[in-house]
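J.: Residue numbers (our numbering), protein chains in the order written: chain A, 2 to 97; chain B, 66 to 267.
Just so you know, even glycine gets a beta-carbon here, dropped at the ideal spot from N, CA and C.
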Amino acid sequence: MLLAPYAVHMNYPAPSRQWLLWLWLSGLTLMAALLAEQGLSLGQGALARLVLLLAWVKGFTVIEHYMGLRHATRWLRLVVHGWLLLVTGLLIVSFC
Amino acid sequence: MREQSLALIEAQPARHVPEPHIPGDLAMWFFILAELAVFGVFFLVYGVYRRQQPALFAEGQTHLDLLLPTLNTLLLIAGSACMVAAVRRFAQDRQRAARQSLLLAMVFGGGFLVCKLYELVGKFMAGISLSSNDFWMFYLSLTVFHFLHVVLGMVIVAAVWWMARDGRYGPGRLDGVETAAAYWHMVDLVWLVLFALVYVAR
């Protein structure tokens, strides 16, 4: 019981993991920008769908690890992930 | 056999499994959910309009330079990373280091605002306004609306930084910092979708 308040920092990633998360999110961002700059002939709307998929992956990471919702009450985790999935999913469909 | 395996489990050192927990203030989470709903509707309406006028939107996007918004995405991500570091450092009672992380988050946020302002001023100078066409109407209203959220995020982080000067936050007293961090991450999350949709998805 005495330890409980001190355990809260376990909900947040350790420094080494923080660097990895930062690299992962920044890397995906650069990848999206490079893909767009290359102007690849991926076919109608394919680049847009790919980039929105990358946005979902990044958003998923932010929700789980930065917001710390992986340790949160289930309803909150579901609502925020549901929001991201619904928005990016419908936008991806809009480019089909 | 069963008893044996139970004994084995008990022999393992207890691994910390965090209790389900709401990071920060519940009222802030309701505010965040309302904000997400507003941005979500905004994005979907953009999607509908773009589908109806794909050529107009594609033409508009050719006038958007990718360099600044990519840099801005990196700045917001770096700011979010600093907020995570700040919360963890407060949880470990490393006051000085935690406040430094907050300061660094504000530096990155400030960088975002400067780049965004530069981009927006450029667009206004080029004679682009809300009434130019549907693409520019969405571009301006979405990015300005988001800009205001970054400003509010900066104000919240600055307030936490100021209040932290006499050790208000620490192990077991994280609510204020977690609340500020949650808001900041929401602003980041919304930007990730906005960046992909408005700037990159062509």
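Could you tell me which of B/Tyr114, B/Leu139, B/Val263 and B/Gln118 sits nearest to A/Thr30, measuring between CA atoms?
T.: Nearest option by C-alpha distance: B/Leu139.
J.: Quick one: list the residues of chain B neighbouring A/Ser27, beta-carbon separation under 7 Å, in chain order.
T.: Simply Leu139 and Ile142.
J.: Within 10 angstroms of its Cβ, does B/Phe107 collect 16 or more other Cβ (buried), or is it exposed?
T.: Looking at its Cβ environment, which holds 16 or more other Cβ atoms inside 10 Å, B/Phe107 is buried.
J.: Whole angstroms are fine: how far does the CA of B/Gly237 sit from the CA of A/Ala5?
T.: Residue placement at A/Ala5 is flagged as unreliable, the pLDDT there being 48, under the threshold of 50; the coordinate-derived value follows with that caveat. Distance between the alpha carbons of A/Ala5 and B/Gly237: 8 Å.
J.: Measuring alpha carbon to alpha carbon, tell me which of B/Arg153, B/Val255 and B/Thr208 ends up nearest A/Ser17.
T.: The residue with the shortest Cα to Cα distance from A/Ser17 is B/Arg153.
J.: Could you give the distance in angstroms between the alpha-carbon of B/Leu131 and the alpha-carbon of B/Ala92?
T.: Looking at the two C-alpha atoms, the distance is approximately 36 Å.
J.: Give me the subset of the region 235-247 of chain B whose CB atoms are less than 9 Å from a CB atom of chain A, sorted by chain position.
T.: Correct list: Gly235, Pro236, Gly237, Arg238, Leu239, Glu243, Ala246 and Ala247.
J.: Among B/Met251, B/Ser206, B/Gly89 and B/Leu136, which one has its Cα closest to the Cα of B/Leu178?
T.: The residue with the shortest Cα to Cα distance from B/Leu178 is B/Leu136.
J.: Step through the CB atoms of chain B and report whether any lies within less than 8 Å of the CB of A/Tyr7.
T.: In this prediction, A/Tyr7 has a pLDDT of 47, which is less than 50 and means its spatial position is unreliable; what the coordinates show is noted afterwards. Yes, its Cβ sits closer than 8 Å to a Cβ of chain B.
J.: Beta carbon of A/Leu55, beta carbon of B/Ala261: below 8 Å?
T.: Cβ atoms of A/Leu55 and B/Ala261: closer than 8 Å.
J.: Over the uninterrupted alpha helix (DSSP H) stretch that includes B/Ala151, give me the two end residues.
T.: From DSSP, the alpha helix (DSSP H) with B/Ala151 extends over Leu132 to Ala156.
J.: Can you tell me whether A/Ala5 is helix, strand or coil according to DSSP?
T.: Confidence in A/Ala5 is poor, its pLDDT being 48 and thus under 50, which makes the residue's placement unreliable; the coordinate value appears in the next sentence. Three-state DSSP puts A/Ala5 in a helix.
J.: Whose C-alpha, out of B/Val103, B/Cys147, B/Gly175 and B/Cys180, is nearest the C-alpha of B/Arg271?
T.: Given that chain B is displayed from residue 66 to residue 267, the structure contains no residue 271 of chain B and the question cannot be resolved.
J.: So B/Phe107 is in the alpha helix (DSSP H); what residue range does that whole segment cover?
T.: Note, B/Phe107: alpha helix (DSSP H), Leu91 to Gln117.
J.: Considering only the alpha carbon of each residue, which of B/Ala143, B/Leu133 and B/Val263 lies closest to B/Tyr183?
T.: The option with the nearest alpha carbon to B/Tyr183 is B/Leu133.
J.: So, is A/Leu3 buried or exposed, given that buried needs 16 or more other C-beta atoms within 10 angstroms?
T.: Since pLDDT at A/Leu3 reaches only 44, below the 50 mark, its modelled position is unreliable, and the value read off the structure follows with that caveat. With fewer than 16 other Cβ atoms within 10 Å, it is exposed.
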